[in-house]
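Residue numbers (the working numbering), protein chains in the order written: chain B, 1 to 116; chain S, 1 to 111. Working notes, structure below.
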Amino acid sequence: DTEVTQTPKHLVMGMTNKKSLKCEQHMGHRAMYWYKQKAKKPPELMFVYSYEKLSINESVPSRFSPECPNSSLLNLHLHALQPEDSALYLCASSHGPRLGSDTEAFFGQGTRLTVV
Amino acid sequence: AQSVTQLGSHVSVSEGALVLLRCNYSSSVPPYLFWYVQYPNQGLQLLLKYTTGATLVKGINGFEAEFKKSETSFHLTKPSAHMSDAAEYFCAVTYTDKLIFGTGTRLQVFP
Chain B
1 DTEVTQTPKH
11 LVMGMTNKKS
21 LKCEQHMGHR
31 AMYWYKQKAK
41 KPPELMFVYS
51 YEKLSINESV
61 PSRFSPECPN
71 SSLLNLHLHA
81 LQPEDSALYL
91 CASSHGPRLG
101 SDTEAFFGQG
111 TRLTVV
Chain S
1 AQSVTQLGSH
11 VSVSEGALVL
21 LRCNYSSSVP
31 PYLFWYVQYP
41 NQGLQLLLKY
51 TTGATLVKGI
61 NGFEAEFKKS
71 ETSFHLTKPS
81 AHMSDAAEYF
91 CAVTYTDKLI
101 FGTGTRLQVF
111 P
């Protein structure tokens with residue numbers, strides 16, 4: 001299994017809603033990532049988990065709350081989002097605890113989030 | 001800090017023509033470089049990567065890239081474009097545990 005699976009594929013939520021994005025991988029990877037991608041832009045790193053611990057938070061607003069319950073699962077909890085948070089949210093994983101050398105990132109298909 | 005620059009936000013080629021997508025990196029030490037492809041409404045797929053060793057790297061779907069230290073470049077090429085190559089291509093570099101992406105190049109292929 002060489003896939004990173006993200007659910008749901010599409011999500012529409014109101015500004016007062018609470019929702020969660022889910023990411024799963026069964027490749028034994030020890031690092032997992034959340035990226036945000038706006039239209040016609042490159043992905044921007046949000047969070048990095050290494051060995052199930054949050055290692056990088058790129059100054060993301062607290063309305064985004066990541067969680068790593070185990071080494072295979074990564075969640076992104078959403079609360080009180082703004083319309084400008086509408087984007088494609090990508091999850092990725094890598095073999096080693098950190099990127100570098102020949103450790104490439106494997107990406108999921110993303111969740112297309114629309115905040116109304 | 002490491003960064004990559006992709007020259008040309010759009011590249012258009014005819015089917016069967018050479019594809020050349022440009023990427024330059026900023027680093028005084030050899031970086032780890034990657035090319036990713038993103039099809040519409042999809043995630044990113046790794047095309048190829050440069051770590052150490054051979055400077056000509058072969059990837060999937062007939063793509064290859066050459067690492068040129070003297071030019072700080074890692075351009076992506078394919079001898080003959082196919083319609084299915086139409087997508088967004090991102091050059092990326094690793095830096096302090098992060099994967100830093102270039103701004104992307106949209107490749108259009110005309111019949």
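A virtual CB, placed ideally from N, CA and C, is assigned to each residue, including glycine. Here the structure is a predicted model, which is why all the values come from computation and not from measurement.
Proximity test, residue i beta-carbon vs the ligand FAD heavy atom, cut-off 7 angstroms
i       : result
Gln42/S : Here there are no bound small molecules, and the ligand FAD is not part of this structure.
Beta carbon of residue i nearer than 8 angstroms to that of residue j
i        : j        : result
Phe125/S : Leu46/S  : What the structure shows of chain S is the stretch from 1 to 111, and residue 125/S is not part of that stretch, so it cannot be assessed.
Lys49/S  : Glu104/B : yes
Ala87/S  : Tyr39/S  : yes
Contact belief for residue i with residue j at Cβ below 8 angstroms, rounded distance in angstroms
i        : j        : result
Gly120/B : Val116/B : Summary: the structure shown does not reach residue 120/B, with chain B confined to residues 1 through 116, and so no result is reported for it.
Tyr33/B  : Leu21/B  : Not confirmed; about 13 angstroms, so no contact.
Ser8/B   : Thr111/B : With the sequence shown as reference, residue 8/B is identified as Pro, and Ser is not the correct amino acid for it. With 8 angstroms as the limit, Pro8/B and Thr111/B qualify as a contact, their Cβ atoms being about 6 angstroms apart.
Gly16/S  : Ala81/S  : 6 angstroms
Gln6/S   : Thr103/S : 6 angstroms
Thr77/S  : Leu20/S  : 5 angstroms
Limits of the unbroken beta strand (DSSP E) element including residue i
i        : result
His77/B  : 73-79
Cys91/B  : 87-94
Cys23/S  : It is not in any beta strand (DSSP E) - Cys23/S carries neither H nor E in the DSSP assignment.
Ser70/S  : Element bounds for Ser70/S: n/a, residue is neither H nor E.
His10/S  : 10-14
Gln6/B   : 4-7
Met27/B  : Premise fails: Met27/B is in no beta strand (DSSP E) and is neither H nor E.
Arg112/B : 111-115
Ile56/B  : 53-57
Asn70/B  : 64-70
Ala92/S  : 87-95
Met15/B  : Run containing Met15/B: none; DSSP gives neither H nor E here.
Leu46/S  : 44-50
DSSP bridge partner residues for residue i (one or two, in chain order)
i        : result
Glu44/B  : Lys36/B
Gln108/S : Ser12/S
Asp105/B : Checking the sequence, you will find Ala at residue 105/B rather than Asp. Per DSSP, Ser94/B.
His75/S  : Glu66/S
Within 9 angstroms of chain S by C-beta, residues of the stretch 81-94 of chain B in sequence order
For the stretch 81-94 of chain B, the residues whose beta carbon sits under 9 angstroms from a beta carbon of chain S are, in order, Leu88, Leu90, Cys91, Ala92, Ser94.
Output, in sequence order along the chain, the residues in the stretch 41-57 of chain S whose CB is closer than 8 angstroms to any CB in chain B.
Cβ contacts with chain B come from Asn41, Gln42, Gly43, Leu44, Gln45, Leu46, Lys49, Thr51.
Give the residues from the stretch 81-105 of chain S that approach chain B closer than 9 angstroms (Cβ to any Cβ), ordered along the chain.
Residues passing the 9 angstroms Cβ filter: Glu88, Phe90, Ala92, Thr94, Tyr95, Thr96, Asp97, Lys98, Leu99, Ile100, Phe101, Gly102, Thr103, Gly104.
With 9 angstroms as the limit, tell me which residues of the stretch 15-46 of chain B have their beta carbon closer than that to any beta carbon of chain S; keep them in chain order.
Answer set for the stretch 15-46 of chain B: Ala31, Tyr33, Tyr35, Gln37, Lys40, Lys41, Pro42, Pro43, Glu44, Leu45.
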